[in-house]
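Notes to accompany the following structure.
Protein chains: 2
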Amino acid sequence: MKKFRSYLYAALLMLSAPTLLAQHRDAVDTALVSKFRKEGLKNSRVMEILSMLTDMNGPRLTNSPGYKNAANYAKSALEGWGVGNVHFDSFGPFGRGWFVKKFSLQVMAPVYFSVIGYPKAWSPGVKGTHKTEAIYLDVKTEEDLEKYKGKLKGKIVLFDFPIMPKPAFKPDATRLTDSTLLKMANAAASNRSGGSRRRFAAGAPEMLTYKKWRLCESEGALAVMEGSRGSYGTFYASAATVPTDPTATGARVSAQADNAPEILPQIVVAAEHYNRLVRQLQQGLTVKLELAMETEFTKPEDGFNVIGEIPGTDKKEEVVMFGAHLDSWHSGTGTTDNAVGVAICMEAMRLLKAAGVQPSRTIRIGLWGGEEQGLLGSTGYVKKHLGERVADSVKLTAEGEKFSVYFNTDNGGGRWRGVYLQGNENVRPIFREWLKPFEKDGTSTLSLSNTGSTDHIPFDNVGLPGFQFITDPIEYFARSWHSSMDMYERAVEADLKQNAVMLATFAIGAANREGLMPRK
Amino acid sequence: MKKFRSYLYAALLMLSAPTLLAQHRDAVDTALVSKFRKEGLKNSRVMEILSMLTDMNGPRLTNSPGYKNAANYAKSALEGWGVGNVHFDSFGPFGRGWFVKKFSLQVMAPVYFSVIGYPKAWSPGVKGTHKTEAIYLDVKTEEDLEKYKGKLKGKIVLFDFPIMPKPAFKPDATRLTDSTLLKMANAAASNRSGGSRRRFAAGAPEMLTYKKWRLCESEGALAVMEGSRGSYGTFYASAATVPTDPTATGARVSAQADNAPEILPQIVVAAEHYNRLVRQLQQGLTVKLELAMETEFTKPEDGFNVIGEIPGTDKKEEVVMFGAHLDSWHSGTGTTDNAVGVAICMEAMRLLKAAGVQPSRTIRIGLWGGEEQGLLGSTGYVKKHLGERVADSVKLTAEGEKFSVYFNTDNGGGRWRGVYLQGNENVRPIFREWLKPFEKDGTSTLSLSNTGSTDHIPFDNVGLPGFQFITDPIEYFARSWHSSMDMYERAVEADLKQNAVMLATFAIGAANREGLMPRK
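Residue numbers (this note's numbering), protein chains in the order written: chain G, 1 to 520; chain U, 521 to 1040.
And the structure:
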């Protein structure tokens, strides 16, 4: 269809009506976009996919049973739609899988209440149901450590200072304003390639924190409890801390590693509940707790990504790829981080198949594992298949040489408003064409600047075009990202549908254009 | 002090400098207000009081141990500050006390998670820890009921349709804008005296809902689970439903009543968790739950208010009163509803004592019980001590005849921005004077209109001046009112301090002015 049209355009061009000269060689196939739109807006399955990834199988901590169940679901769904060569592709050693089997924390005195919280990932559990007391580790200086000697044994230690939530005078949910988009549109390329993760106040100097951990361990605390940022019953649980001497050299051992040392059971608790316990303890009251916390480790294994493709035709060795990370944190269901991305990618694949495309290049989907532990899945994939950076130069594989472009999605469930160009000015006119069908929906911004922190970076790092979309945040950074309430309710259906249509459009555009996507 | 100044002003008046004619006879005693302000802003104890009412003793469901502990705390604190005649004053039969001893709801399959929720007040518990299955009562018509016959026995029934939270594009926290305050300032008196409580969609017609309850009972369900409004792990738990035939006549029996019929255990669950379970069940998955839910009833007793006073001097039979309800719902700690009100009142009493006032009239504090069950404490107090409405006329007691005014506070922890006049135009010039010291802090609006739904209404109903303050909502209606997260963190310290100073100012103004407060 596309080819036929190209020939037609060429023929028309020879007939030389001057207005037709305006037809860009990367002009979108509007008939195909209409097909995507019809299927993607009227018969969308994106919310069903999302629910399968979150409600039914999530959360999806890498190598956990939830991750594997979701991967199996994704594989069979993709296969069901006719996507080819769907397989699990190892990205190398990851460490242990882990999951929660039971968690209940009850305050039995001075006043009964049931605590909102959860184990940190890869935390050990405790055997049986423990009745014990809480103690608040109110340590501001090293001298303060002394007064807790002999007092922590068998106790649950409240480890941090309370974080007081503040009233929300700004809306939690936002869309990008014209003014913000304009700044992005006018931004210059940035050197910040890797991007920086958001950081939150650690509460205490690193060495003092390390000594607090060591004290809890040497004194035989039963478990360590941390108050979470967040409010209103939402909390943020990531990986358990492996206490590490900040003066030591060498790589830090992560909690999932095969060789991780034994650590104390670690619990994160909603701010209001944690703070209440601290206030009760500061008032001199005895806080009695009842803790049931059962977690299970699975054997160390390689991590894996889920890969599938629509084989290309005349240029099938050349690959256009899109993807999102399948893994998540464990206390919610990892909806906006990043089941929405996976659902968009899967739905885009379904739209391409439903439209019966026979692309020139191969269109491949990559659902990554281990993103939350440092982009492990995408990094492993790039190294294994596409190339690597050695010292200051990049060595691409044969497959890498023929690789066209990678589109990533991982910034929550909001509507895409454009594309970060990652400093690659060459792609601007191409993306400008592909955005045309979406301009009327507010999606038209191209920003030369970078965005980081997710799975397009390993591609970008070896000089391959890797992009991420400019996305309306909705409640992403305010409330859902990494939170216990990153659940199905956080998704905005209309936005996901639209994004899937747009992704299919970008993929087929890249797959059928004359050349590979231009590199920087 | 006040009297001396009045004489002085009178003397100055006779000397007749025309500008002095502007001195209103209700002008505030600015030296005294300075004292209140100094003590109330610099040595405030309002947050300590609040923490004692919430963290240490709350929640305070009427007649529960928490209510009694908080009442004992309030009594001893007031006595400690020199407040006189502090006592518990019965407001008549209330019913049973009740509290939660344990609640844990675990989803064991298809995917483990720990559910955020709580028993509804006065719900029975279940014996031991039950492992059972969930079933979703997807009933839209009476015919739908049939398909659940024989299927509910021993199960936990998901009773309601899911309520989907939406992204919050408006801020949760607000202060009243000038534009809103102006509308209030320009409002006419309203006939709506009793005020209306906010109502939320019931989800199904009343008769169908009743039949659903009866089905659950007759089929022997283990417990009924309802999804809550709210989001992000916040839920709203009020009294257990006593299923009542909507065609039956006569008063409804409430769950706390001595003669309440046996009802099923009832659980309220955070929207995201409830909805996830519904989606799993709709997908055909088996949802296995583990429920521990222990509640305890105490014997039926009279309810009581906490009353205390600073005795008047020359007009000690005349009473100026302020108050707030001490009781709360049970799933949070009842901070903005209404420990903040109690803390403001107690702190105002402390400020009056600290300033060493010797008021002309008696200044009395009333901390009410049973407000959440229908203003029972304040209604009982008014009837017992002040008067009652018989048919269309009001019959005041001798004490009622000498009663001056009641100030109530019960609209969350925000700053007071003025006063609702309840249609009483006569008090406008008086309040205008008393507001003067607070105008610069944005507190200057007098609205002729009414506000309802709380404890000034019983006073207003018998024609006694009863007022409630215009209050910045902060997150009151958006998130904290009646919610599981109505906890200490919701209070705004600076606002509570300011309100306490203002309440002390109004109280002493009313206590020392020439006459009783004018009635409507």
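Backbone N, C-alpha and C define an ideal beta-carbon position, used for all residues, glycine too.
Compare the C-beta of V492 of chain G against all C-beta atoms of chain U and say whether one is closer than 9 Å. Counting from 1 along the first sequence, the entry for residue 492 of chain G is found at position 492. Yes, because at least one Cβ of chain U sits closer than 9 Å to the Cβ of V492 of chain G.
* To do: Verify whether the separation of the beta carbon atoms of F614 of chain U and P639 of chain U is less than 9 Å.
  => Along the second sequence, read from residue 1 onward, the residue named residue 614 of chain U stands at position 94. Along the second sequence, read from residue 1 onward, the residue named residue 639 of chain U stands at position 119. Not a contact, by the Cβ cut-off of 9 Å.
query = Just checking, does the region 417-429 of chain G make contact with the region 455-466 of chain G on the three C-beta pairs under 8 Å criterion?
reply = yes
Can you pull out the residues from the region 232-265 of chain G whose beta carbon lies closer than 9 Å to at least one beta carbon of chain U?
Y232, G233, T234, F235
Given 8 Å, three or more beta-carbon pairs between the region 800-811 of chain U and the region 837-853 of chain U
no
Query raised in the report: Roughly how many angstroms lie between the CA atoms of A707 of chain U and F927 of chain U, to the nearest whole one?
Result: Sequence index remark: in the second sequence, residue 707 of chain U carries index 187 (1-based). Sequence index remark: in the second sequence, residue 927 of chain U carries index 407 (1-based). Taking the straight line from one Cα to the other gives about 21 Å.
* **Limits of the unbroken beta strand (DSSP E) element including D472 of chain G** => Counting from one through the first sequence, the residue named residue 472 of chain G turns up at place 472. Unbroken run through D472 of chain G: none, as it is neither H nor E.
Determine the chain U residues that contact Q422 of chain G at a beta-carbon separation under 9 Å, and present them in chain order.
-> Reading the first sequence from its first residue, position 422 is the one you call residue 422 of chain G. The contacting residues do not exist; Q422 of chain G stays about 29 Å from chain U at best.
With DSSP run on the structure shown, which of helix, strand or coil describes D961 of chain U? For this step, residue 961 of chain U is matched to residue 441 along the second sequence. Three-state DSSP puts D961 of chain U in a helix.
Given K915 of chain U, which residues of its chain have a CB within under 7 Å of its CB, disregarding the five upstream and five downstream residues? By 1-based counting over the second sequence, the position of residue 915 of chain U is 395. Here the set comprises G907, E908.
query: Excluding five sequence neighbours on each side, which residues of the same chain lie with their C-beta closer than 8 Å to the C-beta of F304 of chain G?
result: Stepping through the first sequence from its first residue, residue 304 of chain G is reached at position 304. So the qualifying residues of the chain are A71, F88, D89, S90, F91, G369, G377.
query = Does DSSP put K402 of chain G in a helix, in a strand, or in coil?
reply = Counting from one through the first sequence, the residue named residue 402 of chain G turns up at place 402. It is coil, neither helix nor strand.
Item to complete: Flag this pair as touching only if the region 341-361 of chain G and the region 46-60 of chain G have three or more C-beta atom pairs under 8 Å; answer yes or no.
Response: yes
* Three-state class that DSSP yields for N275 of chain G in the structure shown -> Locating residue 275 of chain G in the first sequence gives position 275, where the first residue counts as 1. Note: N275 of chain G maps to helix in three-state DSSP.
**Item:** Beta-carbon proximity of E301 of chain G to V83 of chain G, cut-off 9 Å
**Value:** Here residue 301 of chain G refers to the residue found at position 301 of the first sequence. Here residue 83 of chain G refers to the residue found at position 83 of the first sequence. The answer is no: Cβ separation not under 9 Å.
Residue range of the unbroken beta strand (DSSP E) whose run includes F297 of chain G: Numbered from its first residue, the first sequence carries residue 297 of chain G at position 297. It spans 288-297 - the beta strand (DSSP E) in which F297 of chain G sits, taken as one unbroken run.
Legend entry - M1005 of chain U - DSSP class collapsed to helix/strand/coil: Residue mapping note: residue 1005 of chain U aligns to position 485 of the second sequence, counting from 1. Reduced to three states, the DSSP call for M1005 of chain U is coil.
Tell me, to the nearest whole angstrom, how far the beta carbon of R580 of chain U is from that of G843 of chain U; I am working on the premise that it is less than 8 Å.
Residue 580 of chain U sits at position 60 when you count from the first residue of the second sequence. Residue 843 of chain U sits at position 323 when you count from the first residue of the second sequence. Incorrect: roughly 15 Å between the Cβ atoms, too far for contact.
**Report entry** Runs of alpha helix (DSSP H) wholly within the region 338-402 of chain G (minimum 4 residues, chain order)
**Finding:** 340-354, 376-381, 398-401
Q.
Just to confirm, is the Cβ distance from L809 of chain U to L657 of chain U under 9 Å?
A. Along the second sequence, one-based indexing puts residue 809 of chain U at 289. Along the second sequence, one-based indexing puts residue 657 of chain U at 137. Not a contact, by the Cβ cut-off of 9 Å.
Of the residues U:F979, U:A775, U:L561, which one's Cα is nearest the Cα of V840 of chain U?
The residue labelled residue 840 of chain U in the question sits at position 320 within the second sequence. Checked all of U:F979, U:A775, U:L561; the closest Cα to V840 of chain U is U:F979.
request  = Please decide whether M164 of chain G counts as near chain U, where near means a Cβ-Cβ distance under 9 Å.
outcome  = Position 164 of the first sequence, counted from the first residue, corresponds to residue 164 of chain G. For M164 of chain G, the answer is yes, since a Cβ of chain U falls inside 9 Å of its Cβ.
* Use the C-beta contact count for D1006 of chain U: other C-beta atoms within 10 angstroms, 16 or more gives buried, fewer gives exposed. => In the second sequence, counting from the first residue as 1, residue 1006 of chain U sits at position 486. The residue in question, D1006 of chain U, is buried, as its Cβ has 16 or more Cβ neighbours within 10 Å.
**OP:** Would you identify the three-state DSSP class for P311 of chain G, choosing helix, strand or coil?
**Re:** Numbered from its first residue, the first sequence carries residue 311 of chain G at position 311. P311 of chain G: coil per DSSP, three-state reduction.
Note down the Cα distance separating E919 of chain U from A759 of chain U, rounded to an integer number of angstroms. Along the second sequence, read from residue 1 onward, the residue named residue 919 of chain U stands at position 399. Along the second sequence, read from residue 1 onward, the residue named residue 759 of chain U stands at position 239. Rounded to whole angstroms, E919 of chain U to A759 of chain U spans 35 Å at the Cα level.
request  = Anything in chain U within Cβ reach of A270 of chain G, meaning under 8 Å, just list it in chain order.
outcome  = One-based indexing of the first sequence puts residue 270 of chain G at position 270. The contacting residues are G753.
Check your understanding: Between F297 of chain G and G97 of chain G, what straight-line distance do the alpha-carbon atoms span, to the nearest angstrom?
Key -> Here residue 297 of chain G refers to the residue found at position 297 of the first sequence. Here residue 97 of chain G refers to the residue found at position 97 of the first sequence. Cα to Cα, the separation comes out at about 6 Å.
Query raised in the report: Taking S179 of chain G as the reference, which of G:I307, G:I365, G:G227, G:R417 has the closest Cα?
Result: Sequence index remark: in the first sequence, residue 179 of chain G carries index 179 (1-based). The shortest C-alpha separation from S179 of chain G is found at G:R417.
- prompt: Cβ of G80 of chain G less than 9 Å from any chain U Cβ?
  reply: On the first sequence, residue 80 of chain G is found 80 positions in, with the first residue counted as 1. G80 of chain G does not count as touching chain U.
Q. Which first and last residues belong to the alpha helix (DSSP H) in which M502 of chain G is found?
A. By one-based count along the first sequence, residue 502 of chain G stands at place 502. 493-512 is the span of the alpha helix (DSSP H), which, as asked, contains M502 of chain G.
* Asked: Which one of G:S393, G:V390, G:K316 has the shortest CA to CA distance from I363 of chain G?
  -> What you label residue 363 of chain G is simply residue 363 of the first sequence in a count that begins at 1. Closest by alpha carbon: G:K316.
**Prompt:** List, in order along the chain, the chain B residues whose C-beta lies closer than 8 Å to that of Y118 of chain G?
**Reply:** Protein chains G and U are contained in the structure displayed, whereas chain B is not.
Open item on the list: With a threshold of 7 Å on Cβ separation, who are the neighbours of F506 of chain G within its own chain once the five nearest residues in sequence on each side are excluded?
Closed with: By one-based count along the first sequence, residue 506 of chain G stands at place 506. Excluding positions up to five away in sequence, the list reads F407, W434.
Margin query: Which of the three DSSP states is assigned to F556 of chain U in this structure?
Written below: One-based indexing of the second sequence puts residue 556 of chain U at position 36. Three-state result, F556 of chain U: helix.
Q. Are the Cβ atoms of V306 of chain G and I267 of chain G separated by less than 9 Å?
A. As a first step, residue 306 of chain G is located in the first sequence; it is residue number 306 there, counting from the start. As a first step, residue 267 of chain G is located in the first sequence; it is residue number 267 there, counting from the start. No, the pair does not count as a contact, with Cβ atoms beyond the cut-off.
Measuring alpha carbon to alpha carbon, tell me which residue in U:L701, U:A757, U:K675 is nearest L735 of chain U. As a first step, residue 735 of chain U is located in the second sequence; it is residue number 215 there, counting from the start. Looking at the Cα atoms, U:K675 is the closest of the given residues.
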